[in-house]
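Working notes, structure below.
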Amino acid sequence: MPLRLEFRRYRLPFRRPVLTARGAWTEREGFVVRLEDADTGAVGWGEVAPIPHFGTETVEAAGAALARLAAEPTRESLAAVGAELPCTQFALAEARAGLCGPPPLPVRRLPVTALLPAGRAALGVVAARADEGYVNYKWKVGVEPAAAELALLDRVTDRLPAGAKLRLDANGAWDAPTAERWLAACAGRPIEFIEQPFPPGRETAMFALERRFPVRFALDESIARLADLHRWLEFGWPGFYVVKPALCGPTGALRRALADFEVEAVFSSAFETTVGLRSALHLAFGANQDERAVGFGTIGAFADDAFNPPTPGPFVSTEWVSRLDPAEVWARLGSN
Ligand code: MG
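In the numbering used here, the protein residues as written are 1438 to 1773.
Printed below as a string of C-alpha cells:
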C-alpha cells in the first residue's frame, strides 16, 4: 500500500501572550501532517506541536524528520521515528491510526477547566465562568507574592458555584515554607489538587509534603518527558498526572502506560490546533477515567479566529469532537 505524506508548517500568534516561567510566549509553531493511502484513498491526520523547554524536539528538528520521511514514506519508516522526536511520533501515530477511520468512542462528555488569570484578575473571571456553568477551575499561583495570593484564596473559592473544584498551578514556583502556608490554607477548601508546587527534581520533597496534608498534588513539568512519566509511574507517584498527549510520543504507548498503571490522569492542552486537539481529546475520552475535567481551557487562544474551533463551553462532548475537521485547518494553511 503506497503512502503519501505531506505536511504544512503553521505559525499562529496567540490572542494574548501566554505567560510562562520563561516569559511571554507569543505564537505557536508546528506542523499539520496529512497521510494518504494511495490505494484506498483513506486519509489520516496528525499534528506536531513541540514545546522544546518541556524536553521535546524543536520545530526545525521535526521539520527535518518530516521532510526525510515524506521522500519515501512506509508504515515501517513512520513507526520507526525515535523517542527524541516525541511530538513527531505523536503526529505520525495519529495519522497512521486515522487511515483506519476515527476511533469508536462512547458517547461521553467531560467538564472543561476554566482558566483563571493570576492575581486579582481571577475574581472577575471566576464570576463570569460560574455564570456560564463551569464546574472546574484552574488558578495560576506563584506569580505574585504568596501573601497577596493567599489573601485572595477565600474570595476566589467563595465565587465558585456549589460543588465546583479549584486546581492551583504553581508551575514549580514554590519553596517549602511557601508550600506549607498554602497547604494549611487549602485544607477544608474545594481544592482538587495543586499542580507542580516544586520544580522538577524536587519530587521527593513533594512526596514527603503531600503525606502531611490532605491536599493532593499533580505532576506536570516533572513528567513532560515520556521517560520521566514512566519513571514516576514505576515509582508509584501517589498523586495526579497531568498528561499533555501532544508531547508524549505515540498515543498507543501512552494509552497502554496509563491503563497498566491505573493512574489518575488529567489530560491537558499543549496549545494545539484543531488537529492535535482532536487527537488529544480522543485519548481523553477513550481513557478509563471518571468524570475528571480536561485541561483544555486553552481553546480559542489563537488571534486568528479561523483557527479556533467553536467554544465547547463548560463541557466537551464526543459529539463536539466529531465535528472537528482537520481538512479545514489543512486547507486554511494551504491558502495562507
Ligand atoms: Mg501545569
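Virtual Cβ for every residue (Gly too), placed ideally from N, Cα, C. Note that the structure is predicted; figures quoted are calculated from it, not measured.
Environment of residue i [buried if 16+ CB atoms lie within 10 Å]
| i | result |
| --- | --- |
| F1672 | exposed |
| G1538 | exposed |
| T1711 | buried |
| V1544 | exposed |
| A1664 | exposed |
| A1585 | exposed |
| R1760 | exposed |
| P1751 | buried |
| A1655 | buried |
| D1742 | exposed |
| T1477 | exposed |
| P1541 | exposed |
| D1727 | exposed |
| G1535 | buried |
| P1582 | exposed |
| G1570 | exposed |
| E1658 | buried |
| T1615 | buried |
| R1566 | buried |
| S1772 | exposed |
| P1763 | buried |
| G1796 | What the structure shows of the chain is the stretch from 1438 to 1773, and residue 1796 is not part of that stretch, so it cannot be assessed. |
For residue i: DSSP bridge partner residues
| i | result |
| --- | --- |
| E1443 | R1471 |
| G1481 | L1472 |
| W1462 | V1455 |
| E1632 | D1606 and A1655 |
| F1677 | A1655 |
| V1396 | The structure shown has nothing for residue 1396, since the chain only spans 1438 to 1773. |
| R1448 | E1466 |
| F1739 | F1451 |
Proximity winner among the options, relative to residue i (alpha-carbon distances)
| i | options | result |
| --- | --- | --- |
| L1589 | A1517, G1570 and V1563 | V1563 |
| V1676 | P1487, P1682, E1658 and E1647 | Contrary to the premise, residue 1676 reads as Gly rather than Val in this sequence. Comparing Cα positions, the closest option is E1647. |
| V1700 | L1718, V1680, T1688 and G1713 | V1680 |
| F1650 | E1632, F1468 and A1621 | A1621 |
| R1626 | P1614, A1599 and R1639 | A1599 |
| V1518 | V1485, W1669 and H1490 | V1485 |
| E1765 | L1691, A1583, V1469 and P1582 | V1469 |
| H1719 | R1729, D1476 and P1682 | P1682 |
| R1604 | W1619, T1493 and L1542 | W1619 |
| R1729 | R1693, L1547, P1614 and P1489 | L1547 |
| V1496 | A1530, R1448 and L1472 | R1448 |
| A1724 | D1741, A1696 and R1715 | A1696 |
| F1527 | A1555, E1443, I1736 and A1717 | A1717 |
| R1459 | V1580, A1624 and T1688 | V1580 |
| W1674 | G1686, I1660 and C1685 | I1660 |
| E1494 | A1520, L1472 and A1504 | A1520 |
| H1490 | A1768, A1707 and V1753 | A1707 |
| T1688 | P1439, K1602, T1525 and D1474 | T1525 |
| V1480 | G1500, R1533 and P1523 | R1533 |
| F1744 | L1442, K1575, P1450 and V1593 | P1450 |
| F1722 | V1758, T1748 and P1749 | V1758 |
For residue i, the first and last residue of its enclosing beta strand (DSSP E)
| i | result |
| --- | --- |
| S1754 | F1752 to S1754 |
| R1604 | K1602 to D1606 |
| F1654 | F1654 to L1656 |
| F1704 | A1702 to F1704 |
| R1546 | R1546 to P1548 |
| W1576 | N1573 to K1577 |
| V1563 | It is not in any beta strand (DSSP E) - V1563 instead sits in the alpha helix (DSSP H) that spans A1558 to E1569. |
Where the alpha helix (DSSP H) through residue i begins and ends
| i | result |
| --- | --- |
| A1666 | Note on residue identity: the sequence assigns Leu, not Ala, to residue 1666. Here the alpha helix (DSSP H) through L1666 covers L1663 to F1672. |
| A1494 | With the sequence shown as reference, residue 1494 is identified as Glu, and Ala is not the correct amino acid for it. Neither: E1494 is in no alpha helix (DSSP H) and is coded neither H nor E. |
| A1528 | P1523 to G1535 |
| F1698 | T1688 to F1698 |
| V1766 | P1763 to S1772 |
| V1518 | V1518 -> no alpha helix (DSSP H), and no H or E assigned at all. |
| V1586 | Sequence inspection shows Glu at residue 1586; the Val mentioned does not correspond to that position. From DSSP, the alpha helix (DSSP H) with E1586 extends over A1583 to D1595. |
| F1644 | E1640 to E1647 |
| T1710 | Careful: T1710 lies outside any alpha helix (DSSP H) and carries neither H nor E. |
| L1620 | A1613 to C1623 |
Interface flag, residue i vs chain B, CB-CB below 8 Å
| i | result |
| --- | --- |
| V1712 | Annotation note: the requested chain B is absent from the structure, which comprises a single protein chain. |
Any residue whose CB is nearer than 5 Å to a heavy atom belonging to the ligand MG, listed in chain order: D1606, E1632 and D1657
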